Amino acid sequence: MTFAEDCEREVRELHDFFAEWYAGDYRDAERLDRVLARDFELVAPGGARNDRRAVIEWVEGNRGQYADADPPFSIDIESFDPRMAEGNHCLVTYVERQSAPQGETARRSSALFRRAGGTPNGVEWVHLHETWLDE
616 MTFAEDCERE VRELHDFFAE WYAGDYRDAE RLDRVLARDF ELVAPGGARN DRRAVIEWVE
676 GNRGQYADAD PPFSIDIESF DPRMAEGNHC LVTYVERQSA PQGETARRSS ALFRRAGGTP
736 NGVEWVHLHE TWLDE
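Using our numbering, you'd call the opening residue of the sequence shown number 616 and step up by one each time.
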């Protein structure tokens, strides 16, 4: 597999983790901890900057928030586009669509990955910037 393909697999698998986690089904609580770089930063759609610890605490605190959702919570990844892969870094973009009982949302994301041993797909998330899509 190419570096970009490893990144795509990581994007899809981590979002599968989120969908299962928020439904209360996922058993590997350390999945997120293993793939976020120590210097990870998330820029949320509203512009707030969140470090690794804040993101992990937020995710952990929301486990099972959609456990009884009808229809069930889901996340779909579309339009994956590897923009650049050079050395140990790869920049990708994708669209994330979430469907929850209160409605649907979509965001365009840019993610920077770095090669990293000991992670499920050989890469770690360094930076993630999300922007709301109005559709």
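Every residue, glycine too, gets a C-beta built ideally from N, C-alpha and C.
These figures come from a predicted structure and were not determined experimentally.
With distances taken from CA atoms, which of the options is nearest residue i?
i                 : options                           : result
glutamine 717     : Leu727, Pro686 and Leu651         : Pro686
glutamate 645     : His630, Glu675 and Asp654         : Glu675
threonine 746     : Ala634, Trp636, Gly732 and Pro660 : Pro660
alanine 726       : Phe618, Cys622 and Thr617         : Cys622
phenylalanine 728 : Arg678, Asp640, Pro697 and Arg712 : Pro697
glycine 732       : Leu651, Glu693 and Asn665         : Leu651
leucine 743       : Leu706, Gly639 and Arg712         : Leu706
leucine 629       : Ala663, Arg653 and Ile671         : Ile671
threonine 617     : Arg627, Arg653 and Ala700         : Ala700
glutamine 680     : Arg627, Phe633, Arg624 and Trp740 : Phe633
alanine 715       : Ala682, Ser689, Tyr709 and Asp640 : Ser689
aspartate 691     : Gly639, Arg624, Asp683 and Glu711 : Glu711
From which residue to which residue does the beta strand (DSSP E) around residue i run?
i             : result
glutamate 620 : Counting along the chain, glutamate 620 falls outside any beta strand (DSSP E), though it belongs to the alpha helix (DSSP H) covering 618-638.
alanine 726   : 718-730
arginine 698  : 689-701
In the structure shown, what three-state DSSP assignment does residue i receive?
i             : result
leucine 651   : strand
glutamate 672 : helix
arginine 642  : coil
arginine 664  : strand
tyrosine 709  : strand
alanine 684   : coil
threonine 746 : strand
alanine 715   : strand
Taking 8 Å as the CB-CB limit, is residue i close to chain D?
i            : result
cysteine 622 : Protein chains in the displayed structure number just one, and chain D is not present.
Hey, is the region 734-741 in contact with the region 707-723, meaning 3+ C-beta pairs nearer than 8 Å?
no
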